[in-house]
Amino acid sequence: MAFQKNMVDEQHSEGTFVHVPNPHLEKMKSDILYHFALGTGTHDFPALFGDVKFVCVGGSPSRMKAFITYMAEELGIGGPGSDYPNICAGTDRYAMYKAGPVLSVSHGMGIPSIAIMLHELIKLLYHSKCSNVTIFRIGTSGGIGLPPGSVVITKQSVDAMFKPQFEQIILGKSVFRNTNLNEKLAEDLMECAKELDQFNTVIGNTMCTLDFYEVNLRNGFYDSFFQGAVVCVTLLNRLEGDQITTPHDILKEYQTRPQKLVGHLIKKYLGKQ
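For the sequence shown, position 17 matches number 17 in our numbering, and the numbering has no gaps at all.
Okay, here's the thing in structure tokens:
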């Protein structure tokens, strides 16, 4: 199917620009999206991403690169063998690829990793002055009462207590957000599944938890007690802000400090000093 830009424009012409209800963003001279290795002071976001209408996110960087290659072929963008560079090549946290109006981003595993990516992604779309953006999460999951290979279009996401909510502790208080997804979008996806008629597709609920093993009743380690320590280096003073402005070469040196400390102890324990 050849990509027709006017079709996308018509389908997304009556909406509004991405809105971020955070008044502090307007006061910032520069917004550094640290985990993307992108920033408003170093990159022209509207030029790079202003035409984005669809964002697809998934866990694996290689899977998301394969997806953008597939979408480029489906939309008739580029030619055979075209390569799509990683826009976030300056970091190894996430990977990002773009083909026409489609942005493909990896998010790693687990709620915290996804949340970090989403915060920076939505700010990226906001700074890019994008409008009428649709976001899809494409990936894998376990299934209950479904044969392997079934595709589930999520109607509602539930937590480990089967409640349709996402809880965060912010400044010592629980903040709950509902997890309802767009019903019309789910219906459109189901209609596409019928048109494709290639695999079993259902609309159902998806459980999302903070743990892959025990909370999801898989065989994990349970209470195995090891002596352990946590050693981290601070990258900024959070009492003074949330932007990491230290030069990259200095940050790289900072990151070696926990390694040096732990390495010294390992050598000491092994009698290598």
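Glycine residues also receive a C-beta, built at the ideal position from the N, C-alpha and C atoms.
With C-beta atoms as the reference, is residue i less than 8 Å away from residue j?
i      : j      : result
Lys65  : Tyr94  : no
Ile68  : Ala89  : no
Tyr97  : Asn86  : yes
Cys130 : Phe49  : yes
Lys163 : Leu181 : no
Leu185 : Thr234 : no
Cys56  : Phe136 : yes
Leu121 : Val105 : yes
Ile111 : Leu210 : yes
Ser174 : Phe45  : no
Phe151 : Thr201 : As written in the sequence, residue 151 is Val, which differs from the Phe given in the question. A contact, by the Cβ cut-off of 8 Å.
Phe199 : Gly241 : no
Leu33  : Gly41  : no
Met190 : Ile144 : no
Val20  : Tyr126 : yes
Thr179 : Gln165 : yes
Ile116 : His35  : yes
Ala72  : Gly81  : no
Can you pull the DSSP bridge partners for residue i?
i      : result
Glu167 : Phe176
Phe17  : Ser131
Gln156 : Asn180 and Asn205
Gly39  : Ile32
Val151 : Thr201
Helix, strand or coil for residue i per DSSP?
i      : result
Arg218 : coil
Thr256 : helix
Met7   : Note on Met7: pLDDT 36, under 50, position unreliable in the model; no value is reported.
Ala288 : Only positions 1 to 273 of the chain appear in this structure, which leaves residue 288 out of reach.
Gly228 : coil
Gly263 : helix
Leu185 : helix
Ile144 : coil
Lys274 : This structure cannot speak to residue 274, because the chain is shown only from 1 to 273.
Pro247 : coil
Leu196 : helix
Met275 : Any answer about residue 275 is impossible in this case: the structure gives the chain only from 1 up to 273.
Leu235 : coil
Leu25  : helix
Asp242 : coil
Measuring alpha carbon to alpha carbon, tell me which residue in the options is nearest residue i.
i      : options                           : result
Pro61  : Ile138, Gly81 and Leu124          : Ile138
Thr245 : Phe54, Ser30 and Gly110           : Ser30
Pro247 : Ala37, Met28 and His19            : Ala37
His107 : Lys267, Thr140, Gly220 and Thr42  : Thr140
Leu236 : Ile250, Thr40 and Leu196          : Ile250
Met230 : Tyr254, Tyr213, Asp51 and Pro258  : Inspection of the sequence shows that residue 230 is occupied by Val rather than by Met. Comparing Cα positions, the closest option is Pro258.
Leu217 : Ala160, Lys123, His119 and Gly76  : Ala160
Val52  : Phe176, Asn132, Met109 and Gly263 : Asn132
Phe212 : Met109, Val18 and Ile203          : Met109
Gly142 : Gly204, Thr16, Lys268 and Cys232  : Gly204
Leu124 : Gly220, Phe17 and Ile170          : Phe17
Please give the ranges of any beta strand (DSSP E) in the stretch 44-84, keeping only runs that are unbroken, at least 3 residues long and fully inside the region. Those beta strand (DSSP E) runs which fall completely within the stretch 44-84 and span 3+ residues are 54-58.
My parser needs the beta strand (DSSP E) runs of 3 or more residues fully inside the stretch 84-142; what are they? Whole beta strand (DSSP E) segments, 3+ residues: 96-99, 102-106 and 134-137.
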